[in-house]
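J.: Starting off with a structure, shown below.
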Amino acid sequence: MIDIYFLGYGAAFNPAFGNTSAWFMHGRDFYLLDCGEDVFRKVYELEEYRNSASVSVIITHMHTDHVGSLGELIAYTWFKQNRRVRVYYPDRRLTEYLGLCGIKEDIYDYMSADEMTERDGVKITPVPVFHDPCMGCFGYRIEDEDESVYYSGDSGLVGRELVDELVRGDLARLYLDTAKYAERDSGHGNFEGLKERIGEEWRGRVICMHLDCDFRDEIEEAGFRGSW
57 MIDIYFLGYG
67 AAFNPAFGNT
77 SAWFMHGRDF
87 YLLDCGEDVF
97 RKVYELEEYR
107 NSASVSVIIT
117 HMHTDHVGSL
127 GELIAYTWFK
137 QNRRVRVYYP
147 DRRLTEYLGL
157 CGIKEDIYDY
167 MSADEMTERD
177 GVKITPVPVF
187 HDPCMGCFGY
197 RIEDEDESVY
207 YSGDSGLVGR
217 ELVDELVRGD
227 LARLYLDTAK
237 YAERDSGHGN
247 FEGLKERIGE
257 EWRGRVICMH
267 LDCDFRDEIE
277 EAGFRGSW
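FYI, the numbering for the sequence shown is 57 to 284, going by the numbering used here.
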């Protein structure tokens with residue numbers, strides 16, 4: 057089972073809720089979803105990270121609230137723990153960004169889309185999403201031997217095909233970018249559109265994240281789950 061725990065659930069301009077980032081364990085392997093400006097400090101304090109057999113980071117896109125402390129995490133894991141972080145992201149320009157930050161490719165393992173095969177019992181599959189045309193933006197299907205979940209990263213309103221997979225039981229849960237003030241056709245998930253797209257009977261399997269303001273009560277009253 058893929059038990060995802062959140063370190064933060066705020067949008068870039070909602071720092072009170074922290075950068076949206078989450079982690080899960082599979083056996084003794086530690087997986088982190090995004091690594092924004094305030095994330096390294098939180099990961100640093102996790103015993104699960106420190107005691108893990110391996111460290112992998114899954115990046116959804118390159119806005120700084122999602123990669124701002126990735127270099128610190130890679131450098132600390134290498135220089136202080138003598139371990140290489142595995143970085144999953146299909147857009148290779150991330151290696152250029154890290155290089156400009158002084159993080160050379162010889163201290164971490166970059167995993168391209170072609171290399172995202174099943175590894176150690178976890179399969180990670182990138183799904184292109186609509187967010188910012190300046191960079192590769194991806195959600196991810198994450199599968200283990202028990203279940204499959206979908207994590208949207210920053211993304212416009214969830215597609216009907218993913219909702220259909222949730223209804224059929226092919227996906228156990230959806231973790232979705234949810235914004236109160238975003239336009240319906242923007243690169244963030246409009247809350248009113250989400251309520252129209254997902255029936256009440258399925259909302260308990262949808263976890264809302266990347267909040268642009270504090271509307272947690274509205275999310276819970278509508279039957280969705282929170283990431284807080």
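Glycine included, C-beta positions come from ideal geometry on N, C-alpha and C.
Cutting at 8 angstroms between CB atoms, please list the residues of its own chain near Y151, excluding the five before and the five after it.
T.: For clarity, residue 151 is Thr in the given sequence; the question names Tyr instead. The answer, listed in chain order, is E161 and Y166.
J.: Taking V262 as the reference, which of D273, F247 and F280 has the closest Cα?
T.: F280
J.: Below 9 angstroms between beta carbons: does that hold for R253 and R197?
T.: R253 is not a Cβ neighbour of R197, given a cutoff of 9 angstroms.
J.: Quick one: Cα of C190 to Cα of H117, how far?
T.: If I take the Cα positions, the gap works out to 10 angstroms.
J.: So within the region 175-237, which uninterrupted beta strand (DSSP E) runs reach at least 3 residues, ignoring any that extend past its ends?
T.: 179-184, 194-199, 204-207 and 229-233
J.: Take G192 and list the residues in its own chain whose beta-carbon comes closer than 6 angstroms to its own, dropping the five residues that flank it on each side.
T.: P146 and D147
J.: Going straight from the alpha carbon of G74 to that of D170, what length do you get?
T.: 32 angstroms
J.: Residues in its own chain within less than 7 angstroms of N70 by CB, not counting five upstream and five downstream?
T.: Excluding sequence neighbours, N70 sits near L267, D268 and C269.
J.: By the DSSP assignment, the beta strand (DSSP E) with H82 in it spans what residues?
T.: S77 to H82
J.: Tell me the rounded alpha-carbon separation between A278 and G64.
T.: The alpha-carbon of A278 is positioned some 21 angstroms away from that of G64.
J.: Taking the beta strand (DSSP E) that D85 falls in, what are its first and last residues?
T.: In the DSSP assignment, D85 falls within the beta strand (DSSP E) that extends over D85 to L89.
J.: So S204 packs on D233, CB below 8 angstroms; how close in whole Å?
T.: Their Cβ separation, rounded to whole angstroms, is 19 angstroms, which puts S204 and D233 out of contact at 8 angstroms.
J.: State the Cα-Cα distance for the pair R97 and L250, rounded to the nearest angstrom.
T.: 32 angstroms
J.: Helix, strand or coil for Y145 per DSSP?
T.: coil
J.: If you reduce the DSSP assignment to three classes, tell me which class G66 lands in.
T.: strand
J.: I'd like to check one pair, G212 with S242: are the Cβ atoms closer than 9 angstroms?
T.: yes
J.: Mapping the DSSP letters down to three states, classify L267 as helix, strand or coil.
T.: The answer is strand: DSSP assigns L267 an E or B state.
J.: Three-state secondary structure (DSSP) at D163?
T.: It should be noted that the sequence gives Ile, not Asp, for residue 163. Of the three classes helix, strand and coil, the one that applies to I163 here is helix, per DSSP.
J.: Return the CA-CA distance between R229 and A72, expressed in angstroms with no decimal places.
T.: 26 angstroms
J.: F247 to F135, Cα distance in whole Å?
T.: Here the alpha carbons of F135 and F247 stand approximately 43 angstroms from one another.
J.: When the Cα atoms are used, what is the spatial distance from S283 to N138?
T.: 32 angstroms
J.: Looking only at its chain, what residues have a beta carbon closer than 7 angstroms to the beta carbon of R272, apart from the 5 residues adjacent to it on each side?
T.: Cβ neighbours of R272 beyond the five flanking positions: G282 and W284.
J.: Could you give the residue range of the beta strand (DSSP E) that holds I60?
T.: Per DSSP, I60 belongs to no beta strand (DSSP E) and is neither H nor E.
J.: Consult DSSP for R281 and reduce its assignment to one of helix, strand or coil.
T.: strand
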